[in-house]
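Chemist:
Residue numbers (our numbering): 1413 to 1710.
Spelled out as structure tokens, the structure:
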């Protein structure tokens, strides 16, 4: 980045056409190509201003003289691999002093300990459900393997993972009401997968199987120590800020986590369940009240 220009005239900074974020003395908050007019937050000589990023949620934190400002809950998009603190001065004689911690004028204890959850009303999709499966219940959350057989049969949810969000948690749970031998819960690309057969071998599929195995991008990751059975509640989720995939069982987060290189967006990922035997039955929970406490991410 040329040092004789305003920070932001090159990629990786926070002003006008940049890929980054910044806080200007005229009170504007800037993220990538956009600036928000928040003139009450302008600063001048003697003020102490701060800028931070919550790495768990990508939410931006702006402060002035020890008080957090509220620029409409701005989130930083994942547009750069590495960002560096920077300051641009506009006139001869301008002078600043930086504080990189640990003792700040702003107290981080004032930040609410909440996790943004990406929730949308969801249910199983009757148009993406194998004919051997039956969707029931007032909210279309129960799936039953109604016909005789022992082949994999799959159903997808109506709503996809909202990859346009740059922060938050996408998560859902499935209660195993009854299971003879095997079932799978996961996320996959609906358009490229058949409703018959084993879909965990396909790229763009992320799953947790009743024998304890986890699969990502069609690769079996093992870990048969965490099997699930009748009565168990299993979950799968993605931290949209850092693309971390995680699994839960009966309200407890399991040690196995994977970081995805990227989130499929065109086409996107959908929740799915595959049942393996007649009589198998599950009930999905797309939120907001889960057995697993998402606040444990903090």
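In this text, a Cβ means the ideal position worked out from N, Cα and C, and glycines have one as well.
So, for residue 1462: in the same chain, excluding its five sequence neighbours on each side, which residues have a beta-carbon less than 6 Å away from its beta-carbon?
Modeler: Within the chain shown, the letter at position 50 stands for residue 1462. The residues are 1475, 1518.
Chemist: How about residue 1588 and residue 1644: do their beta carbons lie closer than 9 Å?
Modeler: What you label residue 1588 is simply residue 176 of the chain shown in a count that begins at 1. What you label residue 1644 is simply residue 232 of the chain shown in a count that begins at 1. Contact: yes.
Chemist: Is it a yes or a no for the region 1544-1553 touching the region 1693-1700, going by three-plus beta-carbon pairs under 8 Å?
Modeler: Yes, they touch.
Chemist: For residue 1465 and residue 1508, I'd like the C-alpha separation in whole angstroms.
Modeler: Taking the chain shown and counting its residues from 1, the one referred to as residue 1465 is at position 53. Taking the chain shown and counting its residues from 1, the one referred to as residue 1508 is at position 96. Going from the Cα of residue 1465 to the Cα of residue 1508 covers about 21 Å.
Chemist: Do residue 1533 and residue 1545 count as a contact pair if the criterion is CB distance below 9 Å?
Modeler: Position 133 of the chain shown, counting from 1, holds the residue named residue 1545. Position 121 of the chain shown, counting from 1, holds the residue named residue 1533. No, Cβ-Cβ distance for residue 1545 and residue 1533 is not below 9 Å.
Chemist: Could you tell me the alpha carbon to alpha carbon distance between residue 1506 and residue 1457, rounded to whole angstroms?
Modeler: Translated into positions along the chain shown, residue 1506 becomes position 94. Translated into positions along the chain shown, residue 1457 becomes position 45. Spanning the two alpha carbons is a distance of roughly 9 Å.
Chemist: Could you spell out the range, first to last residue, of the beta strand (DSSP E) harbouring residue 1462?
Modeler: Walking along the chain shown from the start, residue 1462 turns up at place 50. Element bounds for residue 1462: 1461-1465.
Chemist: Looking at the structure shown, is residue 1559 part of a helix, part of a strand, or coil, going by DSSP?
Modeler: Translated into positions along the chain shown, residue 1559 becomes position 147. Of the three classes helix, strand and coil, the one that applies to residue 1559 here is coil, per DSSP.
Chemist: Given a cut-off of 9 Å, decide if residue 1568 and residue 1682 are closer than it, judged by their beta-carbon atoms.
Modeler: Counted from its first residue, the chain shown places residue 1682 at position 270. Counted from its first residue, the chain shown places residue 1568 at position 156. Yes.
Chemist: For the beta strand (DSSP E) holding residue 1651, just list the boundary residues, first then last.
Modeler: The residue you call residue 1651 lines up with position 239 of the chain shown. Its beta strand (DSSP E) spans residues 1645-1651.
Chemist: Beta strand (DSSP E) containing residue 1682: first to last residue?
Modeler: For the purposes of this step, residue 1682 is taken as residue 270 along the chain shown, with counting starting at 1. It spans 1681-1687 - the beta strand (DSSP E) in which residue 1682 sits, taken as one unbroken run.
Chemist: List the whole-angstrom C-beta distance separating residue 1585 from residue 1646, where the pair is believed to meet the contact cut-off of C-beta under 8 Å.
Modeler: Here residue 1585 corresponds to residue number 173 of the chain shown, with the count starting at 1. Here residue 1646 corresponds to residue number 234 of the chain shown, with the count starting at 1. Indeed they touch by this definition, with Cβ atoms about 7 Å apart.
Chemist: Quick one: Cα of residue 1627 to Cα of residue 1665, how far?
Modeler: In the chain shown, the residue the question calls residue 1627 occupies position 215. In the chain shown, the residue the question calls residue 1665 occupies position 253. Taking the straight line from one Cα to the other gives about 17 Å.
Chemist: Looking at residue 1609: is its Cβ nearer than 9 Å to the Cβ of residue 1617?
Modeler: Here residue 1609 refers to the residue found at position 197 of the chain shown. Here residue 1617 refers to the residue found at position 205 of the chain shown. Result no, Cβ atoms of residue 1609 and residue 1617 do not sit closer than 9 Å.
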